[in-house]
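Q:
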């Protein structure tokens, strides 16, 4: 049987892992944004009409 302290530690650990993964995801978005900054108009039609 889990004690309240173990449950609390488990929830805090899950929150920390989720925050870490979200930070990585946001970093990827930031890098791609910096890469395509100023060039969106060149890729706009291709992105909107792609199969994906």
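In our numbering, the protein residues as written are 1116 to 1167. Backbone N, C-alpha and C define an ideal beta-carbon position, used for all residues, glycine too.
In whole angstroms, what is the alpha-carbon distance linking residue 1174 and residue 1152?
A: Since the first residue of the chain shown is 1116 and the last is 1167, residue 1174 is not available in this structure.
Q: Terminal residues of the continuous alpha helix (DSSP H) containing residue 1122?
A: Start at 1 with the first residue of the chain shown, and residue 1122 comes out as number 7. Where residue 1122 is concerned, the enclosing alpha helix (DSSP H) stretches over 1119-1151.
Q: Using the C-alpha atoms, what's the distance from residue 1126 back to residue 1138?
A: Stepping through the chain shown from its first residue, residue 1138 is reached at position 23. Stepping through the chain shown from its first residue, residue 1126 is reached at position 11. The straight-line gap from Cα to Cα measures roughly 18 Å.
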